[in-house]
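Numbering (full-length UniProt numbering), first residue to last: 1 to 437.
Written out as structure tokens, the structure is:
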């Protein structure tokens with residue numbers, strides 16, 4: 001009788017193993033899987049779609065990977081000069097020449113000095129990059145902005161992510177049209193907002209912190225009526241301080257939106273929590289909108305003592321438009337100690353969550369899902385707790401809806417989270433990259 005083969009990872013076809021490798025980090029592939037057997041060694045040698053993310057690598061692992069990686073097999077690179085990896089970018093480009101990465105399609109440079117960025121931009125001008133992302137430190141000069149302008153007009157570049165300030169965008173987007181499809185920037189002005197959409201006719205996704213509207217007056221507001229940018233289907237404001245009227249003006253230029261995310265500044269005085277007004281605007285101006293994610297902070301002038309008081313604020317989100325037609329469900333959290341409400345769509349859309357230990361906290365939802373259900377916090381990567389508040393409230397145990405268990409025993413704090421990276425700053429602890437218990 002033929003010997004029965006027991007299925008295992010080693011019996012899988014090579015093509016399938018290559019697909020599996022696409023979902024593994026380079027450390028796992030080169031420092032672990034490669035050492036298992038001769039077959040895996042050969043497979044890792046021939047694999048040519050490496051995603052080289054060194055942003056959290058130790059110096060020891062960095063040098064091991066340097067000796068093992070073949071530049072011609074790398075598709076994407078992420079390097080960083082962050083707190084834990086100072087000098088990594090200069091070290092990387094002193095060991096490798098960018099021209100060696102002949103298959104490189106994506107480059108990410110985090111916390112890079114502007115001077116170093118200029119040198120790298122010169123070197124990669126002729127690379128066939130599809131995606132470029134960087135977060136700079138220090139003040140950019142005209143040379144940097146000119147180089148970025150050249151990149152936006154390159155036929156190969158499809159995705160650009162940069163931290164910019166208002167009045168810098170105009171230097172980047174010249175009169176030449178760009179083929180960008182995805183753009184992530186910092187803050188821009190009203191005029192620059194139009195300039196981006198006007199010179200990026202293929203732009204599908206735009207993510208910005210905010211759009212300053214101090215440069216808008218009655219003349220250019222009237223002059224922009226009737227202007228539409230139908231190419232854009234996804235728009236995100238990450239930290240906006242715009243009023244409802246200002247947002248409606250900005251959104252009226254992009255009638256083809258199918259996805260919209262709005263996160264307003266925590267201490268903004270502009271109210272965005274009127275569900276009736278959003279319903280009217282969306283049914284008139286954003287007929288194609290399929291998904292609306294938001295987090296609206298609102299400072300309240302009066303104190304609410306009961307759930308029925310908060311229910312009056314939530315009532316405009318209980319119409320058939322929200323619940324039956326769109327299936328957009330909303331939670332209202334009222335933190336009595338700071339007179340603040342948070343209205344947010346389900347699931348919670350930002351990646352960080354500030355937890356307030358308020359014994360008089362009120363939480364109501366338009367959904368049947370319980371407010372402590374884990375599905376509400378599916379997007380959370382970072383949780384912030386105020387330790388002074390934690391001690392002053394005298395709470396012995398706190399169970400969050402993200403399955404985080406915090407136990408307080410005198411002066412010790414135990415965080416029962418699997419593979420969690422913890423950083424303490426003053427009276428706050430941030431938990432990054434956690435997974436459920």
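Yeah, the Cβ is synthetic: ideal placement off N, Cα and C, and Gly gets one too.
Remember, predicted model here, so these are calculated numbers, not experimental data.
Proximity to residue 281 across 310, 249 and 340 peaks at 249, based on C-alpha coordinates. In the DSSP annotation of this structure, residue 368 is not part of any alpha helix (DSSP H), being labelled neither H nor E.
Annotation for residue 255: 228, 230, 285, 286, 287 and 288 place their beta carbon closer than 8 Å to its own, counting only its chain and skipping 5 residues before and after. Under the criterion of beta carbons closer than 8 Å, residue 187 and residue 214 do not qualify as touching, at roughly 12 Å. Segment contact: the segment 348-355 against the segment 296-304, fewer than three CB-CB distances shorter than 8 Å; contact not assigned. DSSP, reduced to helix, strand and coil, places residue 213 outside both helices and strands of the structure shown, so it counts as coil.
In this structure the segment 200-211 lies against the segment 232-244, because at least three pairs of beta carbons, one per stretch, are closer than 8 Å.
The beta strand (DSSP E) runs of length 3 or more contained entirely in the segment 133-177 are, from start to end of the chain, 159-162.
Residue 375 has its alpha-carbon roughly 13 Å from the corresponding atom of residue 329.
Taken in chain order, the whole beta strand (DSSP E) runs of length 3 or more contained in the segment 324-384 are 330-335, 340-345, 352-355 and 362-365. Taking a 10 Å sphere around the C-beta of residue 12, we find fewer than 16 other C-beta atoms and assign the residue as exposed. Look at the segment 15-95 and you find these whole runs of beta strand (DSSP E), each 3 residues long or longer: 50-53 and 74-80. Residue 259 carries a strand assignment under DSSP once its states are collapsed to helix, strand and coil. Residue environment analysis places residue 377 among the buried positions, since at least 16 neighbouring C-beta atoms fall within 10 angstroms of its C-beta. For residue 297, there is no enclosing alpha helix (DSSP H); the enclosing beta strand (DSSP E) has its first and last residue at 291-299. Cβ neighbours of residue 313 within its own chain (closer than 7 Å, five residues either side excluded): 273, 332 and 341. Short of 6 Å from the beta carbon of residue 291, and not among the five residues preceding or following it, lie these beta carbons of its own chain, in chain order: 259.
Here the alpha carbons of residue 196 and residue 97 stand approximately 33 Å from one another.
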